[in-house]
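Protein sequence lines, in the order shown, are assigned to chains A and B.
Okay, so the first sequence: first residue is 468 according to this note's numbering, each after it adds one.
Okay, so the second sequence: first residue is 335 according to this note's numbering, each after it adds one.
In what follows, a single structure is set out as C-alpha cells and then discussed.
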Amino acid sequence: MFRTRTLVAAAVVATTAVVAGAVWAGAVSLSEVPSAQELAVDAVKRMPEVGSVQSVEEIVAPNGRAQQLEVRTDRGTILWLDQVGRTIGSSGAVARAQRELPLSLESARAEATEFVASQYPDLGQLGSPVAIKVSEDAYIFAWDERSDEGIRLGRSASVRVNLKSGSLRGYSAKYDRPQVSSMVPVVDERKVRSIFASDPDHRLDTIKAVTLEVREDSKGAGRLVWCVDYRVGLTYPDGKVVESTGMVQFFDALTGSDITAELY
Amino acid sequence: MGHLNTIPMGYQLTWGEGWLDQSGYNCYSSTTLSAYAWYTNMKDDALCISVSHGAPGVIVANDSSKILGKGGSNTSTLWYIKNMSSTDIADLLLFMPIGCSTGVTHSTYGNLLGEARGKGADIAIGWEETLYDDGPPLFGMGFCRAVRYTSYPVDSPPGRNSGEDNDCMQYAFDYMWANSESTPMRKAAMYSWVTQGQYGQVLRPARYGSW
Numbered sequence: 468m469f470r471t472r473t474l475v476a477a478a479v480v481a482t483t484a485v486v487a488g489a490v491w492a493g494a495v496s497l498s499e500v501p502s503a504q505e506l507a508v509d510a511v512k513r514m515p516e517v518g519s520v521q522s523v524e525e526i527v528a529p530n531g532r533a534q535q536l537e538v539r540t541d542r543g544t545i546l547w548l549d550q551v552g553r554t555i556g557s558s559g560a561v562a563r564a565q566r567e568l569p570l571s572l573e574s575a576r577a578e579a580t581e582f583v584a585s586q587y588p589d590l591g592q593l594g595s596p597v598a599i600k601v602s603e604d605a606y607i608f609a610w611d612e613r614s615d616e617g618i619r620l621g622r623s624a625s626v627r628v629n630l631k632s633g634s635l636r637g638y639s640a641k642y643d644r645p646q647v648s649s650m651v652p653v654v655d656e657r658k659v660r661s662i663f664a665s666d667p668d669h670r671l672d673t674i675k676a677v678t679l680e681v682r683e684d685s686k687g688a689g690r691l692v693w694c695v696d697y698r699v700g701l702t703y704p705d706g707k708v709v710e711s712t713g714m715v716q717f718f719d720a721l722t723g724s725d726i727t728a729e730l731y
Numbered sequence: 335m336g337h338l339n340t341i342p343m344g345y346q347l348t349w350g351e352g353w354l355d356q357s358g359y360n361c362y363s364s365t366t367l368s369a370y371a372w373y374t375n376m377k378d379d380a381l382c383i384s385v386s387h388g389a390p391g392v393i394v395a396n397d398s399s400k401i402l403g404k405g406g407s408n409t410s411t412l413w414y415i416k417n418m419s420s421t422d423i424a425d426l427l428l429f430m431p432i433g434c435s436t437g438v439t440h441s442t443y444g445n446l447l448g449e450a451r452g453k454g455a456d457i458a459i460g461w462e463e464t465l466y467d468d469g470p471p472l473f474g475m476g477f478c479r480a481v482r483y484t485s486y487p488v489d490s491p492p493g494r495n496s497g498e499d500n501d502c503m504q505y506a507f508d509y510m511w512a513n514s515e516s517t518p519m520r521k522a523a524m525y526s527w528v529t530q531g532q533y534g535q536v537l538r539p540a541r542y543g544s545w
C-alpha cells in the first residue's frame, strides 16, 4: 500500500498562523446558525459563476442528523456545504454543469441506491449517499457510515453512474469497521487547531474542517483521531496566496500527537 | 535519438522508474529538482510527468521555485514556459503536471497546457480542480503502469462513454481509486483532468514527440 503524507514543502510567510486563527476565530455558535437557504445563498454569492440557488436539500446521515447541504443552481452546478455553510465540494467546472444532462441527478441517485442495495446489501443500510458529478457524463455517489455521535466510521461505498448509458459500476466498498475501546476524545478540537497552526510548515495553509473519526492504523488497530482537513497555501510571484492541494493530518484524540504517518 | 527522459517530480517517485524503464524510456526521477532544473531538463525529454502543488498557471518545485505559463521574465526562482524558444520542447511527447488546477487559466500567468503546447508538446494534460491527499501520486503511478502494461492511447475523445474507456487516463484513475486511502469525494476530484493535443497517441514504443 502506498503511504505518504505530504506532497511538496510549500513556501511560507510569517502571517499564516494569524490568518488561520482569524478564519476560525469567528466560529458560529449553534444558536446563531442561519437557515439552509440563507447558507446556500451566501455560498453562491462567494461563487457567482455558478449561478443562483435553485434548490437546497439537507443530506441526512444514518443517525438522523443533517450532515451537509446540497445546493443546486440554475446553471446545473451542485455545491455541498457543511452545517455552517462552508463549501466542501462542488460538481466540477461550470462549463460542464451548463450542459444538459441526459440523466437527472435524481434518477442517477435512485439507480445507484438500488445498485448498492442489491450488490452490497450490508452497505445498503448506510442511508442517503452524497452525490458528486465529476465529469460531463458521469455521477459518482458515495456513502459514509457515521456513528450516533457523528464520528465517521470505517465503512464506505461508492458507485459511478454513466449518464449516457446508465451503466453502473461499484468502485469501492470497505466493510471493515475498526473497533475502539473508547469514543471519548481527551484532546479537544481547539487544542488540535492550536497544535496545527503552531507548526511552521503550515503557516501558509488554511484549515477547512476538523472532524473526529475512527481510522485504522498501519497495524490494523482502530484509532480515535482528529482529522485536520487543510489546503496548502501557494504564493504567486505577485505575492498573492492561493489555496492548492487538499491534505489531511491526523492527531491522536487521546494524546494530541501527530499520527499521520501511521494512518495515511 | 538520444535518451528518452522523464521527470516525475514531487515525492515517492521511484514508482516511475521501473515501469517506464521497462517501456523503453530512460527514466530520470527526482524529488529534489528546482524549477530551473525542471525547466531545463524538460527540453531533452519525451515525457514530463510531475506531481507537485499547483494553481492556475503555476506549478511548484521542491524548493518552492516555480514554473509558470507566462507573464514575466525568468529569474533564479521563476521560470516561464512562454519564454522558451519556439522549439525548445518540440521533442516533448507528453507534458502532464499532476497538481491542483494545472489545467486552469490564470489572468496573468496564463495556461500551462496551452503554453507547453505552443512550444511543441504534442499532448498536455492538467486538472481543473483541487486534488487531494494521495490521489495525485497514485494517479501518476497508475499512468506509468498503463504505459508499461497496456497498449492504450493516452486518452479518449471527450464526450465518449467515459468511465469505461480503455485508455491510460482511465486506467490511472481506476488504479488511484482502488489504492487511495482518501474519501470517495476527494478521490473523485482526480476525474477533472483536461487534455489538449494528440490524446489518441500510444506512448509505446518509446519515442520523442514530433514538431
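Just so you know, even glycine gets a beta-carbon here, dropped at the ideal spot from N, CA and C.
Keep in mind the model is a prediction, meaning the values are calculated, not measured.
Note to self: Starting from residue 517(A), trace the beta strand (DSSP E) in both directions and tell me its first and last residue.
What the structure shows: It is not in any beta strand (DSSP E) - residue 517(A) carries neither H nor E in the DSSP assignment.
Next item on the list: Give me the Cβ distance between residue 507(A) and residue 517(A), rounded to the nearest whole Å; I'm assuming they're in contact under 8 Å.
Entry: That belief does not hold up - the Cβ atoms of residue 507(A) and residue 517(A) are roughly 11 Å apart, past 8 Å.
Checklist line | Straight-line gap, residue 395(B) to residue 366(B) (C-alpha atoms, nearest Å) | finding: 8 Å
Check: Near residue 729(A), which residues of its chain fall below 7 Å by C-beta distance, leaving aside the five closest residues on each side in sequence?
Finding: The residues are 684 and 685.
Next item on the list: Decide if the region 370-379 of chain B is in contact with the region 467-482 of chain B; the criterion is three or more beta carbon pairs, one per stretch, under 8 Å apart.
Entry: no
Check: Is there a Cβ from chain A that is less than 8 Å from the Cβ of residue 487(B)?
Finding: With 8 Å as the cut-off, residue 487(B) does not count as an interface residue toward chain A.
Next item on the list: Give a yes or no on whether 8 Å exceeds the smallest Cβ distance from residue 701(A) to chain B.
Entry: For residue 701(A), the closest Cβ of chain B is nearer than 8 Å.
Notebook entry, point to check: Would you call the CB atoms of residue 435(B) and residue 397(B) closer than 8 Å?
Noted result: no
Check: What are the complete alpha helix (DSSP H) segments, minimum 4 residues, inside the region 347-392 of chain B?
Finding: 348-356 and 369-375
Checklist line | Straight-line gap, residue 680(A) to residue 514(B) (C-alpha atoms, nearest Å) | finding: 17 Å
Next item on the list: Run the CB neighbour count on residue 672(A), radius 10 Å, all protein chains shown included, and call it buried at 16 or more, exposed below.
Entry: buried
Check: So, residue 478(B) versus residue 488(B), is the Cβ gap smaller than 8 Å?
Finding: no
Notebook entry, point to check: Between residue 531(B) and residue 506(B), what straight-line distance do the alpha-carbon atoms span, to the nearest angstrom?
Noted result: 19 Å
Margin query: The alpha helix (DSSP H) that contains residue 657(A), what's its start and end?
Written below: 656-664
Notebook entry, point to check: Using the C-alpha atoms, what's the distance from residue 629(A) back to residue 424(B)?
Noted result: 37 Å
Next item on the list: Anything in chain B within Cβ reach of residue 518(A), meaning under 9 Å, just list it in chain order.
Entry: The CB of residue 518(A) never comes closer than 9 Å to any CB in chain B; the least such distance is about 18 Å.
Next item on the list: Determine the direct distance from the alpha carbon of residue 726(A) to that of residue 691(A), and round the result to whole angstroms.
Entry: 11 Å
Check: If we ignore side chains and look at the alpha-carbon of each, how far apart do residue 719(A) and residue 665(A) end up?
Finding: When rounded, the separation of the alpha-carbon atoms in residue 719(A) and residue 665(A) is 17 Å.
Next item on the list: Please confirm whether residue 390(B) and residue 464(B) have their CB atoms less than 8 Å apart.
Entry: no
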